[in-house]
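Below is one structure; the comments refer to it alone.
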Amino acid sequence: MPELPEVETVRRGLHQLYLGRPLLGLVLEGHRTVRRHPPGLLRQLEGRVLEGTDRVGKFLFLRWSGGRDLVVHLRMSGQLRAEQRGAQRRPHTHAVMAFDGAGEVHFVDPRTFGELFLLDEARPEGLGHLGPDALRLSAGHLARALDGRRAPLKALLTDQRVVAGVGNIYADEICFAARVRPDRPAGSLSRPAVARLVAGTTDVLARAIEAGGSTLGDGQYCDLFGQPGSFQLQHAVYGREGLPCRSCARPVARVRLGARSSYFCPRCQR
DNA sequence: CGATTATCCTGTGCGC
DNA sequence: TGCGCACAGGATAATC
Numbered sequence: 001m002p003e004l005p006e007v008e009t010v011r012r013g014l015h016q017l018y019l020g021r022p023l024l025g026l027v028l029e030g031h032r033t034v035r036r037h038p039p040g041l042l043r044q045l046e047g048r049v050l051e052g053t054d055r056v057g058k059f060l061f062l063r064w065s066g067g068r069d070l071v072v073h074l075r076m077s078g079q080l081r082a083e084q085r086g087a088q089r090r091p092h093t094h095a096v097m098a099f100d101g102a103g104e105v106h107f108v109d110p111r112t113f114g115e116l117f118l119l120d121e122a123r124p125e126g127l128g129h130l131g132p133d134a135l136r137l138s139a140g141h142l143a144r145a146l147d148g149r150r151a152p153l154k155a156l157l158t159d160q161r162v163v164a165g166v167g168n169i170y171a172d173e174i175c176f177a178a179r180v181r182p183d184r185p186a187g188s189l190s191r192p193a194v195a196r197l198v199a200g201t202t203d204v205l206a207r208a209i210e211a212g213g214s215t216l217g218d219g220q221y222c223d224l225f226g227q228p229g230s231f232q233l234q235h236a237v238y239g240r241e242g243l244p245c246r247s248c249a250r251p252v253a254r255v256r257l258g259a260r261s262s263y264f265c266p267r268c269q270r
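My numbering numbers the first residue of the first sequence as 1 and each following residue consecutively.
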């Protein structure tokens with residue numbers, strides 16, 4: 001599932017392929033992909049030049065000449081794929097952006113949770129609720145966010161208002177790196193544990209970006225070119241229930257937090 | 001207010 | 001073989 005490292009990998013691909021290219025056309029199919037404002041507003045992007053790309057958490061930004069930002073969120077099953085001009089659309093293709101001299105980008109999303117929207121037109125509040133991007137997380141901010149909270153640590157690590165970009169997979173990997181159980185009450189963490197979480201966040205996400213993200217067995221995530229990531233090969237705990245901990249060889253445990261599976265090493269993580 | 005649960009959706013893989 | 005169902009999970013609305 002696309003989390004920060006996967007979205008960053010896609011962003012870099014878009015930047016590499018399409019920066020400086022004019023958008024010839026943007027075609028939408030279906031009614032769910034643009035839902036924060038009238039879909040027709042996207043037509044104002046046609047003819048504009050892609051001047052930059054950005055990312056906050058799992059939100060991807062395409063910045064266009066004239067000062068418009070198209071926001072893309074892949075949610076769980078969304079993909080952006082680079083295609084040749086006029087390429088056949090695979091199933092669940094909901095948007096096609098054609099670039100002058102650079103082929104097309106297809107937005108493919110079987111579960112239709114993903115979305116596109118123009119930043120200025122977004123309702124209700126835009127993206128102002130997002131916490132700091134996970135790569136810019138500070139110990140002070142995290143300590144304040146966790147202070148006094150009884151909810152499981154992982155619930156706050158995956159709360160985009162606390163820190164933007166961490167989802168179910170990387171929250172488990174970060175907790176392992178910090179040697180803290182994901183089900184610990186958030187407010188019970190010591191100051192050193194919070195510091196380890198911040199360091200673990202930076203380290204895990206940076207290594208995951210380096211590896212092109214994680215592609216699980218379902219093959220849901222791939223980059224613009226259809227290539228899977230390889231960070232799953234380095235996962236310490238996620239998806240490894242019963243397998244030996246890479247550090248102490250004890251079996252990795254799985255618990256459910258909320259409705260999500262969470263993996264941890266009962267010995268290495270307290 | 002904080003914490004939990006339901007909702008959106010489809011492909012996949014499992015048990016019976 | 002086929003059917004039903006649990007599961008995967010990001011963000012947000014609803015509810016406790």
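Even glycine gets a Cβ: it sits at the ideal position worked out from N, Cα and C.
With DSSP collapsed to three states, give me the class of residue i.
| i | result |
| --- | --- |
| Thr-9 | helix |
| Tyr-263 | strand |
| Arg-55 | strand |
| Gln-269 | coil |
| His-129 | coil |
| Phe-61 | strand |
| Pro-39 | helix |
| Glu-121 | helix |
| His-15 | helix |
| Gly-25 | strand |
| Arg-90 | coil |
| Ala-164 | strand |
| Leu-233 | helix |
| Leu-135 | helix |
| Gly-243 | Note on residue identity: the sequence assigns Leu, not Gly, to residue 243. Reduced to three states, the DSSP call for Leu-243 is coil. |
| Leu-74 | coil |
Since residue i and residue j are thought to touch, with beta carbons under 8 Å apart, how far apart are those beta carbons, to the nearest angstrom?
| i | j | result |
| --- | --- | --- |
| Leu-119 | Asp-69 | 4 Å |
| Ala-134 | Gly-165 | 4 Å |
| Gly-13 | Leu-205 | Rounded, the Cβ-Cβ distance is 18 Å, inconsistent with contact. |
| Tyr-238 | Asp-159 | Tyr-238 to Asp-159, Cβ: 18 Å. No contact. |
| Arg-161 | Leu-130 | 7 Å |
| Leu-41 | Leu-26 | Rounded, the Cβ-Cβ distance is 11 Å, inconsistent with contact. |
| Gln-234 | Ala-211 | 7 Å |
Apart from the five residues on each side of it in sequence, which residues of its chain come closer than 7 Å, Cβ to Cβ, to residue i?
| i | result |
| --- | --- |
| Gln-269 | Cys-175, Phe-176, Arg-179, Val-180 and Arg-181 |
| Ala-132 | Reading off the sequence shown, one finds Pro at residue 132, where the question assumed Ala. Within the same chain, Pro-132 has close Cβ partners His-141, Val-163 and Ala-164. |
Measuring only from the beta carbon, is residue i closer than 6 Å to any heavy atom that is part of the ligand GDP?
| i | result |
| --- | --- |
| Arg-161 | The ligand GDP is not part of this structure, which contains no ligands at all. |
Which first and last residues belong to the alpha helix (DSSP H) in which residue i is found?
| i | result |
| --- | --- |
| Ala-194 | The sequence given here has Val at residue 194, not Ala. It spans 191 to 210 - the alpha helix (DSSP H) in which Val-194 sits, taken as one unbroken run. |
| Asp-172 | 168 to 178 |
| Leu-157 | 153 to 157 |
| Leu-45 | Taken as a continuous stretch (DSSP letters only), Leu-45 belongs to no alpha helix (DSSP H), as it is neither H nor E. |
| Ile-142 | Note that residue 142 is Leu in the sequence shown, not Ile. 139 to 146 is the span of the alpha helix (DSSP H), which, as asked, contains Leu-142. |
Given residue i, which residues of its chain have a CB within under 8 Å of its CB, disregarding the five upstream and five downstream residues?
| i | result |
| --- | --- |
| Val-194 | Ala-139, Leu-142, Ala-143 and Leu-146 |
| Ala-102 | Leu-17, Tyr-18 and Arg-21 |
| Trp-64 | Leu-23, Leu-45, Arg-48, Val-49, Leu-50, Glu-51 and Leu-70 |
| Pro-185 | Arg-149, Arg-150, Ala-151, Pro-152 and Leu-153 |
| Leu-127 | Val-56, Phe-59, Val-71 and Leu-119 |
| Ala-253 | Glu-241, Tyr-263, Phe-264, Cys-265 and Pro-266 |
Considering only the alpha carbon of each residue, which of the options lies closest to residue i?
| i | options | result |
| --- | --- | --- |
| Pro-240 | Leu-14, Pro-266 and Gly-52 | Sequence inspection shows Arg at residue 240; the Pro mentioned does not correspond to that position. When only C-alpha atoms are compared, the closest one is Pro-266. |
| Ala-249 | Gly-258, Gly-30, Arg-256 and Ala-236 | Ala-236 |
| Leu-24 | Arg-36, Gly-57 and Asp-100 | Asp-100 |
| Phe-113 | His-129, Arg-32 and Arg-149 | Arg-32 |
| His-73 | Gly-148, Met-1, Arg-254 and Leu-197 | Met-1 |
| Pro-110 | Met-97, Thr-93, Ala-98 and Asp-218 | Thr-93 |
| Lys-154 | Gly-187, Gly-128 and Arg-36 | Gly-187 |
| Arg-136 | Arg-196, Val-56, Arg-11 and Gln-234 | Val-56 |
| Gly-78 | Gly-219, Arg-254, Phe-231 and Arg-36 | Gly-219 |
| Thr-201 | Leu-157, Asp-183 and Leu-41 | Leu-157 |
| Ser-81 | Val-10, Ser-190 and Arg-75 | The sequence shown places Arg at residue 81, not Ser. Closest option to Arg-81, Cα to Cα, is Val-10. |
| Tyr-170 | Arg-75, Asp-203, Ser-190 and Phe-107 | Asp-203 |
| Glu-3 | Val-34, Arg-75 and His-106 | Arg-75 |
Just reading off the beta strand (DSSP E) that residue i is part of, what are its end residues?
| i | result |
| --- | --- |
| Ala-98 | 93 to 99 |
| Leu-116 | 115 to 118 |
| Val-34 | From DSSP, Val-34 is part of no beta strand (DSSP E); its letter is neither H nor E. |
| Glu-83 | 79 to 83 |
| Arg-256 | 253 to 257 |
| Phe-107 | 103 to 108 |
| Asp-183 | Asp-183 -> no beta strand (DSSP E), and no H or E assigned at all. |
Leaving out five residues before and five after residue i in sequence, what residues of the same chain have Cβ atoms less than 6 Å from its Cβ?
| i | result |
| --- | --- |
| Pro-228 | Thr-215 and Cys-222 |
| Gly-260 | Sequence check: residue 260 is Arg here, not Gly. Answer for Arg-260: Asn-168, listed in chain order. |
| Ser-247 | Cys-268 |
| Glu-29 | His-94 |
| Pro-251 | Gly-242 |
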